[in-house]
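See structure below.
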Amino acid sequence: MLSALIFDKLNQQIEIEFYSANLYLQMASWCDANNFSGSAKFLLEHADEEMGHMRRIFTYINDTGSQAIIPALQQPPHQYESLLGVFEEIYKHECYVTSTINELVAVTTNANDYSTLNFLQWYVAEQHEEERLFMGIRDRIKMVSDSATGLLIIDNELETKSVAVDTAE
Ligand code: FEO
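The numbering used here runs 1 ahead of the 1-based position in the sequence shown.
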């Protein structure tokens, strides 16, 4: 049984993961429109992964006998200056998601909710991976700066970069 506080915080995290999926979908659309087809494919797959993150929490809440609440969704921005701008925003967003997971961990620790604390460990490890992944891509794009050839090489790399779609329930 979840406390009201932890129930609310988990539902807020559903909203954040949903928003992440929509943000990356929107960014994929920008990439496609700007001829970065590899980045578009990569971000579409990553949007699916974010839906998996959302579903894990959705299922966990319902498994405790509570009812997950689907939030109204905020519209993500749809204009970006460059491919570097897209990946800088993603890295910033993932750092924000990490901060919300850390806050959840702190709240569950204070509430002695060890089941939710255990559940959240997967997210702690996942955020470490996500930050590392996007920091790496951002830094590689920075290295090529404004070179069109360099950007196209990175875009090609992203096309083949595999993202495991997580639909675990
Ligand atoms: Fe679900 Fe990329 O954080």
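We put the beta carbon where it would ideally sit given N, CA and C, even for glycine.
Considering residue i, what are the terminal residues of the alpha helix (DSSP H) in which it resides?
i, result
"ASN213", "A question about residue 213 goes unanswered here, because the residues of the chain that appear run from 2 up to 170."
"ILE142", "115-145"
"LEU159", "149-161"
Pick helix, strand or coil for residue i, following the three-state DSSP scheme.
i, result
"LYS93", "helix"
"GLN75", "coil"
"ALA34", "helix"
"MET28", "helix"
"GLN13", "helix"
"ALA112", "coil"
"GLU18", "helix"
"SER67", "coil"
"PHE104", "The sequence shown places Glu at residue 104, rather than the Phe named in the question. It is helical."
"LEU3", "coil"
Would you report the Cα separation of residue i and residue j, rounded to the nearest angstrom?
i, j, result
"TRP123", "THR110", "15 angstroms"
"ALA165", "GLU50", "In this predicted model, ALA165 has a pLDDT of only 44, less than 50, meaning its place in the structure is not dependable enough to derive any value."
"PRO77", "GLY66", "32 angstroms"
"LEU6", "MET52", "23 angstroms"
"ILE155", "ARG141", "8 angstroms"
"THR60", "HIS54", "10 angstroms"
"VAL1", "HIS47", "The structure shown does not extend to residue 1, since the chain spans only 2 to 170, so no value can be given for it."
"ASN35", "ALA41", "9 angstroms"
"TYR92", "GLN13", "20 angstroms"
"THR9", "ARG139", "The sequence shown places Asp at residue 9, not Thr. Their backbone Cα atoms lie some 33 angstroms apart in a straight line."
"THR150", "ASN157", "11 angstroms"
"VAL145", "LEU153", "10 angstroms"
"PHE135", "LEU85", "11 angstroms"
"GLU16", "GLY137", "26 angstroms"
"GLN27", "LEU121", "27 angstroms"
"VAL125", "ASN63", "21 angstroms"
"ALA107", "TYR20", "22 angstroms"
"TYR115", "ARG133", "27 angstroms"
"PHE37", "GLN75", "25 angstroms"
"LYS143", "TYR97", "21 angstroms"
* Asked: How would the residue list near the ligand FEO read, in chain order, if you kept each one whose beta-carbon is closer than 6 angstroms to any heavy atom?
  -> Proximity to the ligand FEO was defined by a C-beta distance below 6 angstroms to any of its heavy atoms, and the residues meeting it, in sequence along the chain, are GLU18, SER21, GLU51, HIS54, GLU95, VAL98 and GLU131.
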